[in-house]
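Chemist:
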Amino acid sequence: MTMIRTIMRDPMFLAQKSENAMEADAQVVTDLLDTLRANLDHCVGMAANMIGVRKNIIAVAAGPFVMINPVITKKLRPYQTEEGCLSLEGVRPCTRYEEIEVDYLDSNFRKQHGKYTGWTAQIIQHEVDHCNGIVI
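Under my numbering, think of the first position of the sequence shown as 117, with each following residue one higher.
#1: Rounded to whole angstroms, what is the Cα-Cα separation between ARG193 and GLU215?
#2: Mark PRO186 as exposed unless 16 or more other C-beta atoms lie within 10 angstroms of its C-beta, in which case mark it buried.
#3: Where ARG212 and HIS229 are concerned, what is the direct C-alpha to C-alpha distance, given to the nearest angstrom?
#4: Here's a check: name, in chain order, each residue in its chain whose Cβ is nearer than 7 Å to the Cβ of LYS171, leaving out the five neighbours to either side.
#5: Taking buried to mean at least 16 other C-beta atoms within 10 Å of its own C-beta, is GLN241 buried or exposed?
#6: Inspect the beta-carbon positions of ILE239 and VAL160 and report whether they are closer than 7 Å.
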């Protein structure tokens, strides 16, 4: 069932760490993808806490694809940039890495390991920060 959720804008909620997701959270994965698709004109990624659910689930517009319980295991070549966020006004400076490796579960809750570079890597890092309660 398609469900587009309201975007969470409460900084106190967004600053809380999320919990690992389980297969019982499959509907959250669907809702997150539906909400991302509904906001593609001004959003490139989304974390579950942005739809009011404190679970470690992110969605990336390039695909789109989801990562459940993502853990960045390697970061190479840091750089400085500025990012905006659908949940907040304006842009903020941050450090990102040109290349990352991530362990995660796919939408079928199967273990995966991926290497990402450039824009996709930057989006993943921003959304993983959301899961960790880091608001950019």
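Glycine included, C-beta positions come from ideal geometry on N, C-alpha and C.
Modeler: To lay it out plainly:
#1: 7 Å
#2: buried
#3: 19 Å
#4: SER134, GLU135, ALA137, ASP141, VAL144 and ALA164
#5: buried
#6: yes
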